[in-house]
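Structure, as C-alpha cells:
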Amino acid sequence: MSSKSTGLRHWRQRFDALFQDHEIFIRTHGHVRFLRVSAVWQKRVALIAAAALLFWAGTMLAVLINQLLTADERAAVAQQQAAATAAEQRIARYRDSVAETAADLAERQDQLDEWYRESFGAEPGAVTGEAAAAPAADAAAPLKTSALDPSLPPEAQALAQLETRQEAFATRLLAAVNERAAKAETAVAALGLNPGALVRNAQAGRGGPFIPYRGKMGQAKALGPSFAALEGALFRMEVLERTLVAVPSGQPADVLMMSSGFGYRSDPFTGGGAMHAGLDFRGPIGTPILAAAPGKVVFVGQKSGYGNVVEVDHGQGILTRYAHLSGFTATVGKQVAAGEQIAKMGSTGRSTGSHLHFEVRLNGVAVNPRRFLEAKADVLEVKADARERVGSVARTGAR
Ligand SMILES: [Zn+2]
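For the sequence shown, position 231 (counting from the first letter as 1) is numbered 279 according to our numbering, and the numbering increases by one without interruption.
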C-alpha cells in the first residue's frame with residue numbers, strides 16, 4: 049500500500065515538474081509587458097488536449113468498428129440474395145415441371161376421353177359390369193408414375209396423385225377392353241372365322257404401326273404399360289366385335305325348311321356335279337326377305353343365273369347375297385337393320401320354283417352360311433352385347 053502511494057507520489061512529482069510557472073517578457077517599441085503562464089493553466093490545456101485526443105481516437109475506433117460491421121452485414125445480405133436467387137430458380141424449375149406435367153396429364157386425359165367416346169359412346173353405362181369389377185387386383189400393384197422431382201413442394205404431389213389415378217383408370221379400362229375382346233375372339237372362332245387374321249387384315253387396312261401414346265412435353269415419361277397397351281386393345285376389341293355384329297346370323301326369311309345344302313350337289317338342271325355356293329329356303333312367292341345382319345345395301349338388280357338380286361355389305365369383308373327375288377323393297381345405299389325387309393321371294397333366274405338363294409361371302413369367297421345361322425346361344429349373347437356397344441357408339445355419333 050505504502051509502496052503504491054509512494055509510486056503515485058513519484059509520478060505526480062514528475063507530472064508537476066513538467067508544468068512550472070512561466071513569466072514571459074514581451075518588449076514592443078520599448079514597452080515591456082509580462083505574460084504569465086501559470087502551471088495550473090498549462091495543466092488544464094494539457095488535459096483538454098489529452099481529452100480531445102482521446103475523443104478523436106475513440107471516434108476513429110467507432111468508425112472502424114462500424115465499417116467492419118457493415119462489411120459483415122454486406123456479406124450476410126449477399127448470402128441472403130444468393131439464397132433467394134437459388135430459391136427463385138428452384139421455383140421456376142418447379143413451375144416449369146408442374147406446368148409440363150399438367151399439360152401432359154391434360155393431353156393424356158383428352159386421349160383417354162376420346163378413346164372412351166369412340167369405343168363406348170357418351171354413355172358411361174356402356175361399359176359392362178366387368179369394368180367396375182376389374183380394378184381391385186390391378187390397382188393394388190404400386191404404380192411408378194410420378195414424373196415430378198420428389199424434392200418439390202407437397203402441392204406438386206397432387207399432380208403425381210392425379211397421374212396415378214389416370215394410370216389406374218387406364219388399367220381398369222384396359223382390363224375391361226381385354227375381357228370383351230377375349231369373349232369376342234372366342235365367339236368369332238366358334239363361328240369358324242380366324243380372329244388373328246381378321247385383326248391383322250384390319251390393321252393392314254388401317255395403315256402404319258401403332259404408336260404408343262407419349263406426352264408431347266415429354267414430362268410424363270413413366271407411362272404405365274396400360275396406357276401404351278390401350279390403343280391396340282381397343283382396336284382389337286373393335287375389329288372382333290364389329291365382325292360379330294356383321295356376322296349374318298339372322299334368318300333371311302321366316303321359313304323353316306332349307307331345301308338345299310351348301311357345297312357340291314347334283315345340278316337341278318343338268319344333273320351333273322356343281323358347286324352350290326349358298327343355302328336355299330323354300331317358301332311362297334312374295335315371302336318377305338330379311339337382312340341377315342345390319343349393313344348397307346350395295347346391289348339391287350339382275351345377275352346372270354341369280355335373277356333378281358340384292359346384296360348387303362355388313363363390313364369386315366362380310367357380304368350377303370339374296371337371289372331369285374320377285375321384287376325389291378330396298379334401294380342401293382340404304383342402311384338396313386338386322387331383320388329389316390329388303391325384298392320379296394320369287395323364282396327369277398335359274399330357278400325351279402319359288403325359293404330364296406342365300407349366300408354369305410367373306411372377302412369375296414362364298415362360305416357356308418349354316419355356321420352363322422346356327423350360331424350357339426352363348427355366341428349370340430356375345431354378339432348382342434357387341435351390337436349394343438357398337439350401336440351406342442353409332443347413336444352418340446362418335447364415329
Ligand atoms: Zn341356291
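Glycine included, every Cβ here is placed at the ideal spot set by N, Cα and C. Fair warning: this is a prediction, and the values are worked out from it, not measured in the lab.
{"Item": "Can you have a look at T219 and say buried or exposed, based on whether 16 or more other CB atoms are within 10 angstroms of its CB?", "Value": "buried"}
{"Item": "Return the bridge partner residues of K344 from the DSSP annotation.", "Value": "D361, Q383"}
{"Item": "Please name the residue or residues paired with V408 in a DSSP beta bridge.", "Value": "T368, V415"}
{"Item": "Taking only the alpha-carbon atoms, compute the straight-line gap between F73 and A119 and give it to the nearest angstrom.", "Value": "57 Å"}
{"Item": "Can you name, in chain order, every residue of its own chain whose Cβ lies under 7 Å from the Cβ of V427, other than the five neighbours on each side?", "Value": "A235, A238, L239"}
{"Item": "Less than 7 Å between the beta carbons of V358 and A386, yes or no?", "Value": "no"}
{"Item": "Return the first residue and the last residue of the beta strand (DSSP E) that E422 is part of.", "Value": "No beta strand (DSSP E) contains E422, which DSSP labels as neither H nor E."}
{"Item": "Looking only at its chain, what residues have a beta carbon closer than 6 Å to the beta carbon of R262, apart from the 5 residues adjacent to it on each side?", "Value": "Because R262 sits at a pLDDT of 48, beneath the cut-off of 50, its placement in the model cannot be relied upon, and the following sentence gives the value as read from the coordinates. Closer than 6 Å at Cβ, skipping near neighbours: no residue."}
{"Item": "Is the beta carbon of Q364 less than 7 Å from the beta carbon of A294?", "Value": "yes"}
{"Item": "Taking only heavy atoms of ligand 1 into account, decide whether any of them is closer than 6 Å to the Cβ of D315.", "Value": "no"}
{"Item": "Exposed or buried, A339, counting other C-beta atoms within 10 Å across all chains shown (16 or more means buried)?", "Value": "buried"}
{"Item": "Quick check on DSSP: helix, strand or coil for G331?", "Value": "coil"}
{"Item": "Under 7 Å Cβ to Cβ from Q137, same chain only, skipping five residues before and after it: list those, please.", "Value": "none"}
{"Item": "Ordered along the chain, which non-local residues of its own chain (more than five positions away) have a Cβ less than 6 Å from that of H77?", "Value": "none"}
{"Item": "Among all residues, which have a Cβ less than 6 Å from at least one non-hydrogen atom of ligand 1, and in what chain order do they fall?", "Value": "S308, H324, G326, D328, H405"}
{"Item": "Does the stretch 323-334 touch the stretch 402-417, meaning 3 or more C-beta pairs lie closer than 8 Å?", "Value": "yes"}
{"Item": "Relative to the alpha-carbon of L207, which residue among E148, N411, A434, D69 has its alpha-carbon at the smallest distance?", "Value": "E148"}
{"Item": "Hey, could you find the ends of the beta strand (DSSP E) Y312 is sitting in?", "Value": "311-314"}
{"Item": "With DSSP run on the structure shown, which of helix, strand or coil describes G439?", "Value": "helix"}
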